[in-house]
Amino acid sequence: MLSPLDNEIALTASAYVNWRNNHKHCSKCGSPVDYVQGGTCAKCNNGHLSYPRQDPSIIVLVTNANSTHALLARSPRHPSYLYTALAGFVEPGENMESAVAREVHEEVGVNVNPKSINYISSQAWPFPQSCMIGFHAQTHSVDNLASISIDPKELVDARWFEKEEVYQAARDTDMMGAVLDRQVVETQRANGKWTGSLLVPSKGVLARTLVDSWLEI
Numbered sequence: 000m001l002s003p004l005d006n007e008i009a010l011t012a013s014a015y016v017n018w019r020n021n022h023k024h025c026s027k028c029g030s031p032v033d034y035v036q037g038g039t040c041a042k043c044n045n046g047h048l049s050y051p052r053q054d055p056s057i058i059v060l061v062t063n064a065n066s067t068h069a070l071l072a073r074s075p076r077h078p079s080y081l082y083t084a085l086a087g088f089v090e091p092g093e094n095m096e097s098a099v100a101r102e103v104h105e106e107v108g109v110n111v112n113p114k115s116i117n118y119i120s121s122q123a124w125p126f127p128q129s130c131m132i133g134f135h136a137q138t139h140s141v142d143n144l145a146s147i148s149i150d151p152k153e154l155v156d157a158r159w160f161e162k163e164e165v166y167q168a169a170r171d172t173d174m175m176g177a178v179l180d181r182q183v184v185e186t187q188r189a190n191g192k193w194t195g196s197l198l199v200p201s202k203g204v205l206a207r208t209l210v211d212s213w214l215e216i
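Residue numbers (numbering that gives the first Met the number 0): 0 to 216.
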């Protein structure tokens with residue numbers, strides 16, 4: 000696992016590599032570009048300058064109003080045991096809070112309380128060119144958990160998990176390490192070192208920061 004500094008360097012390098020691989024011609028006139036200013040700027044034969052762009056996206060951990068349960072989801076690209084926060088791109092004309100409310104409703108059919116949307120942290124995510132802005136948000140209901148209706152184009156499952164379940168999953172994730180590697184997880188299961196059914200993202204990614212900050216409440 001990389002240190003925070005090494006992680007930032009790796010993300011910056013990935014962002015520039017992706018940009019240069021996908022930006023070989025000027026977006027204004029189509030002529031070839033050379034890279035100037037230490038490789039951070041593209042300049043075409045006609046003198047037009049362009050710089051790497053970042054597409055803002057949100058990621059949000061949704062909880063019920065009294066914060067006893069968190070809504071975690073699984074996308075098709077994740078193993079069956081790995082659940083995480085909801086995420087999506089900010090659309091033109093939206094602010095971050097509007098994007099949070101829209102994405103949650105689109106992906107799981109849940110309405111969040113706009114007044115509860117709270118910024119937590121951010122992280123560069125150059126896959127290919129995003130900056131993730133992380134939030135907590137709560138539903139309106141205190142006594143009942145909001146019903147979930149997933150968008151099958153985006154998710155394969157989403158559930159409410161009790162805080163103790165998520166706490167144990169975080170501990171198991173830290174013990175496991177490479178939770179995206181199915182072979183690592185299945186080996187731990189076969190050896191009897193892990194008997195659970197839920198893991199969360201590893202430390203170092205924004206989704207886990209959102210989970211950990213909720214667990215500390």
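The C-beta atom is built at its ideal place from N, Cα and C for all residues, glycine as well.
Just so we're clear, the structure is a prediction, and the values are computed from it rather than from any experiment.
| Item | Value |
| --- | --- |
| Just tell me which of Pro-78, Ser-30, Gly-195 has its CA closest to the CA of Glu-163. | Gly-195 |
| Kindly confirm or deny that the region 192-211 and the region 129-145 touch, where touching means at least three C-beta pairs closer than 8 Å. | yes |
| Quick check: Thr-250 and Gln-137, are their CB atoms within less than 7 Å of each other? | No information on residue 250 is available, as it lies outside the stretch 0 to 216 that the chain covers here. |
| Let's test the definition: count the other Cβ atoms within 10 Å of the Cβ of His-24 and tell me whether it reaches 16, buried, or not, exposed. | exposed |
| Assuming contact is defined by CB atoms lying nearer than 7 Å, are Pro-125 and Leu-10 in contact in what I supplied? | yes |
| I'd like the span of the alpha helix (DSSP H) that includes Val-32, first residue to last. | Run containing Val-32: none in the alpha helix (DSSP H); it sits in the beta strand (DSSP E), 32-35. |
| I'd like the list of long-range same chain contacts for Glu-161, defined as Cβ closer than 8 Å, with 5 residues on each side in sequence excluded. | Thr-67, His-68 |
| So which of Asn-45, Pro-55, His-104 has the shortest CA-CA distance to Asp-150? | His-104 |
| Can you name the residues that DSSP bridges to Thr-62? | Ala-69, Gln-137 |
| Counting along the chain, where does the alpha helix (DSSP H) carrying Ile-8 start and finish? | 3-21 |
| Pull up the CB-CB distance for Val-210 and Leu-1, whole angstroms please, since I reckon it's below 8 Å. | Incorrect: roughly 19 Å between the Cβ atoms, too far for contact. |
| Could you check whether Ala-168 and Leu-198 sit closer than 7 Å to each other, using their CB atoms as the reference points? | yes |
| Spatial neighbours of Glu-106 within its chain, please: C-beta separation below 8 Å, excluding the five flanking residues on both sides. | Ala-72, Leu-85, Gly-87, Ile-149, Asp-150, Glu-153, Leu-154, Ala-157 |
| Would you identify the three-state DSSP class for Tyr-166, choosing helix, strand or coil? | helix |
| Mind checking which residues open and close the beta strand (DSSP E) that includes Gln-122? | 117-124 |
| Mind checking Leu-48: buried by the 16 CB within 10 Å criterion, or exposed? | exposed |
| In whole angstroms, what separates the C-alpha of Val-16 from that of Lys-27? | 21 Å |
| Note down the Cα distance separating Ser-140 from Ala-64, rounded to an integer number of angstroms. | 6 Å |
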